[in-house]
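Participant: What follows is a structure written as structure tokens; I'll ask about it next.
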Amino acid sequence: MQDCDDNFIKVEGIMIKQDFDSSIMSPQDVSKYTPLQTLTLKQTMHVPFEHDIQVLAYFMYEYYSEVTSEFPIKMGVPQPDVIFVIQQ
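And the structure:
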């Protein structure tokens, strides 16, 4: 648990509900205490965009709270692509 501000407490974990019981646990504990398993999924999407990259960056930063941008370099040469990484 983390204190967010004076009125709220942030609880991080996975809620497992079975029959009439509910538990909140960390992802590492799910396989220990339940017959379930967890996995991590990484998704990549390539979307053509015909406008200035600054317009796209503006909308990405406005829509997502946790977004970073990366500029790939291959063989020492900057590439024209920009990668936006969204943490959820």
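In our numbering, the protein residues as written are 238 to 325.
The beta-carbon is built from N, C-alpha and C at its ideal position, and this holds for glycine as well.
The model shown is predicted, which means the values in this text are computed figures rather than measured ones.
Would you list the residues sitting across from D259 in a DSSP beta bridge?
Facilitator: Residue identity check: residue 259 is Ser in the sequence provided, not Asp. Bridge partners of S259: K254.
Participant: Rounded to whole angstroms, what is the Cα-Cα separation between D256 and I246?
Facilitator: Whole-angstrom Cα-Cα distance: 27 Å.
Participant: Whole-angstrom Cβ separation of M252 and S263, contact assumed at under 8 Å?
Facilitator: Actually they do not touch by this definition, with Cβ atoms about 12 Å apart.
Participant: Helix, strand or coil for E287, going by three-state DSSP, please let me know.
Facilitator: Reduced to three states, the DSSP call for E287 is coil.
Participant: For P272, does the three-state DSSP call read helix, strand or coil?
Facilitator: Three-state result, P272: coil.
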